[in-house]
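Everything below concerns the one structure shown next.
In the numbering used here, the protein residues as written are 5 to 111.
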């Protein structure tokens, strides 16, 4: 009989302790303010300010330099003309190859 009473008393104490700890743990999330869409956007914008910006490519730098120095731009056009000639001749060869395939009914 005594043992049964002690068990019930112990169970009562454990239950009270658990209720107190659960009520303490459940209060902080309820007290936390809800995230509105504006707040999360503001946080994202603040984070974006800390991210380093990517460096511009060398091609963009060269194009801006050519616009500033038109005299040096004339020198760079000569290799482009030779490249254009190479590409045109390649195109003609490939056109002839395609025409040959059409004659043979491969394509």
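Using N, Cα and C, we set each Cβ at its ideal position, and we do this for glycine too.
Since we're looking at a predicted model, the values are computed, not measured.
The three-state secondary structure of residue 55, taken from DSSP, is coil.
Across the structure, residue 27 and residue 20 are spaced so that their CA atoms are roughly 11 angstroms apart. Just so you know, the alpha carbons of residue 101 and residue 84 end up roughly 26 angstroms apart. Rounded to the nearest whole angstrom, the C-alpha separation of residue 13 and residue 51 is 55 angstroms.
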